[in-house]
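Enquirer:
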Amino acid sequence: MKRFYNPFYKVGKDSGRIFGGCWFWRRVSPAGEGSAEKERVVMIQRVGFRKQGGFTIIELTAVLLIIGILMAVAALSFRGNEEAAKITSARASLRNIQNALETYRLQKKYYPTGTDRVGLAKLVNAGLISEENLEDPWGNDYHYEPVPEDKPTGYRLESYGSDGVDGPEDPTLQMSSASADEEVQNLDEEALEGVDIPAPIDSRRHDWDDSNDNVEVQ
Numbered sequence: 009m010k011r012f013y014n015p016f017y018k019v020g021k022d023s024g025r026i027f028g029g030c031w032f033w034r035r036v037s038p039a040g041e042g043s044a045e046k047e048r049v050v051m052i053q054r055v056g057f058r059k060q061g062g063f064t065i066i067e068l069t070a071v072l073l074i075i076g077i078l079m080a081v082a083a084l085s086f087r088g089n090e091e092a093a094k095i096t097s098a099r100a101s102l103r104n105i106q107n108a109l110e111t112y113r114l115q116k117k118y119y120p121t122g123t124d125r126v127g128l129a130k131l132v133n134a135g136l137i138s139e140e141n142l143e144d145p146w147g148n149d150y151h152y153e154p155v156p157e158d159k160p161t162g163y164r165l166e167s168y169g170s171d172g173v174d175g176p177e178d179p180t181l182q183m184s185s186a187s188a189d190e191e192v193q194n195l196d197e198e199a200l201e202g203v204d205i206p207a208p209i210d211s212r213r214h215d216w217d218d219s220n221d222n223v224e225v226q
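This is the structure in structure tokens:
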């Protein structure tokens, strides 16, 4: 049995790759065994491993933590943009309803009676808005309040925002007829205009000199 070493396979010292030396073993059948010689070549490769650098558990944890933070920031940014888009859409819908209310008043002399959907549905029946405009982008009904309830000459209109709780989260989601609140305030100011209101009387006890209070009147 003879062996031959293949000199073309060398072990790399400075490389991260795996090299190995190959030994070739050649075995020749002895004479007389069979009518023809049989040869068999067996190759055994001796492989040398070289330790390669890799990530530690701490490094992997840090990378995963950074990725998680970036994903959270991206999600918050997306939600913020989505909420801002809904607010913009709600403002546009409120302006459309406000224009429809003014048109309705020109035709009927008064704003629609009935609160919320009941009152705004009359705008739909009049063909001034579509039924889709009765809900805000968050799926809640717009709040409509006529002032006064009978033959209203004013109104308050608003969207309660994402939480659907009374009182808008954003003041720009609240509208009124030339402002119903301002109308009430103006009425009070006009009623008091030109009226002299006496100063309030101070009835508290004072340390006045009352020595002359007992003077007998002739």
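Plus 8 on top of the position in the sequence shown (first one is 1) and you've got our numbering.
Every residue gets a Cβ at the ideal spot worked out from N, C-alpha and C, and that includes glycine.
Quick check on P179: buried or exposed, where buried means 16 or more other Cβ atoms within 10 Å of its Cβ?
Expert: For this step, residue 179 is matched to residue 171 along the sequence shown. Flag for P179 reads exposed.
Enquirer: Quick check: the Cα distance between V155 and S85, rounded to an integer number of angstroms?
Expert: On the sequence shown, residue 155 is found 147 positions in, with the first residue counted as 1. On the sequence shown, residue 85 is found 77 positions in, with the first residue counted as 1. Going by the C-alpha atoms only, they are around 40 Å apart.
Enquirer: Just to check my reading of the structure: L136 and Y150 have Cβ atoms closer than 8 Å, yes? What is that Cβ distance to the nearest angstrom?
Expert: Sequence index remark: in the sequence shown, residue 136 carries index 128 (1-based). Sequence index remark: in the sequence shown, residue 150 carries index 142 (1-based). L136 to Y150, Cβ: 14 Å. No contact.
Enquirer: Count the other CB atoms, across all protein chains shown, that sit within 10 Å of the CB of M183; report buried if there are 16 or more and exposed otherwise.
Expert: Sequence index remark: in the sequence shown, residue 183 carries index 175 (1-based). Burial call: buried.
Enquirer: Exposed or buried, which one is D124 when buried takes at least 16 other CB atoms within 10 Å?
Expert: Numbered from its first residue, the sequence shown carries residue 124 at position 116. Classified as exposed, D124 has fewer than 16 neighbouring CB atoms from the shown chains inside 10 Å of its CB.
Enquirer: In the DSSP assignment, find the alpha helix (DSSP H) that holds V126 and state where it starts and stops.
Expert: Residue 126 sits at position 118 when you count from the first residue of the sequence shown. Going by DSSP, V126 is part of the alpha helix (DSSP H) stretching over D124 to N133.
Enquirer: Anyone know if the C-beta pair for T121 and P160 falls short of 9 Å?
Expert: Working through the sequence shown from its first residue, we reach residue 121 at position 113. Working through the sequence shown from its first residue, we reach residue 160 at position 152. Taking 9 Å as the Cβ cut-off, T121 and P160 qualify as a contacting pair.
Enquirer: Which two residues bound the contiguous beta strand (DSSP E) that contains P179?
Expert: Residue mapping note: residue 179 aligns to position 171 of the sequence shown, counting from 1. Element bounds for P179: n/a, residue is neither H nor E.
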